[in-house]
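Q: Here it is: the structure, laid out below.
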Amino acid sequence: MAHCPECFKRVPFKTIFFALYPVWVTCSYCKTKLVADKFVVMEGFVLIAVTVLVCVALHLTGFPEIVKILLALPLVVVIAAVGTYITQLKGTYRRRGNKANRLPRGF
Ligand SMILES: [Zn+2]
């Protein structure tokens, strides 16, 4: 389960789903900056590959261009939602501990 190591709450679906880069998220409860494990990174690559394959497959169909675009959008959303679900289920997050975060304010 994708839990925040600070407040032990589950990282919400929308936090992962709407993150530009879901490996790096901010806990919506305690605002701790979190980083996902390698599983989530690998999952990201697999999802990108799946998205590309789906788009190529769609491109090869005989549908008109507008239909392809209208089909591609929900498909990408579904892939992202499935990815988010897997991340919540199997991914783990730990505190993002780079040097910049540890330095006191003003440095
Ligand atoms: Zn938290």
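Take 168 as the starting number for the sequence shown in the working numbering and just add one per residue. Glycine included, each C-beta is placed from N, C-alpha and C at the ideal position.
1) For residue 217, does the three-state DSSP call read helix, strand or coil?
2) Sorry if obvious, but does the Cβ on residue 222 come closer than 7 Å to a heavy atom of ligand 1?
3) Where residue 236 and residue 252 are concerned, what is the direct C-alpha to C-alpha distance, given to the nearest angstrom?
4) For the alpha helix (DSSP H) that contains residue 169, what are its first and last residues?
5) At which residues does the beta strand (DSSP E) containing residue 260 begin and terminate?
6) So, residue 202 versus residue 258, is the Cβ gap smaller than 8 Å?
7) Going by Cα to Cα distance, which pick from 223, 175, 173, 249 is closest to residue 239?
8) Could you check where the alpha helix (DSSP H) with residue 237 kicks off and where it finishes?
A: Based on what the coordinates show:
1) For the purposes of this step, residue 217 is taken as residue 50 along the sequence shown, with counting starting at 1. The answer is helix: DSSP assigns residue 217 an H, G or I state.
2) Here residue 222 refers to the residue found at position 55 of the sequence shown. Within the chosen limit of 7 Å, ligand 1 does not reach the beta carbon of residue 222 with any heavy atom.
3) What you label residue 236 is simply residue 69 of the sequence shown in a count that begins at 1. What you label residue 252 is simply residue 85 of the sequence shown in a count that begins at 1. Going by the C-alpha atoms only, they are around 24 Å apart.
4) The sequence position of residue 169 within the sequence shown is 2, counting from 1. Premise fails: residue 169 is in no alpha helix (DSSP H) and is neither H nor E.
5) Locating residue 260 in the sequence shown gives position 93, counting from the first residue. That run of the beta strand (DSSP E) goes 260 to 262.
6) Here residue 202 refers to the residue found at position 35 when the sequence shown is read from its first residue. Here residue 258 refers to the residue found at position 91 when the sequence shown is read from its first residue. Not in contact: residue 202 and residue 258 (Cβ atoms no closer than 8 Å).
7) The residue given as residue 239 occupies position 72 in the sequence shown. If we check each option's Cα against that of residue 239, 223 comes out closest.
8) Walking along the sequence shown from the start, residue 237 turns up at place 70. First-last of the alpha helix (DSSP H) with residue 237: 232 to 257.
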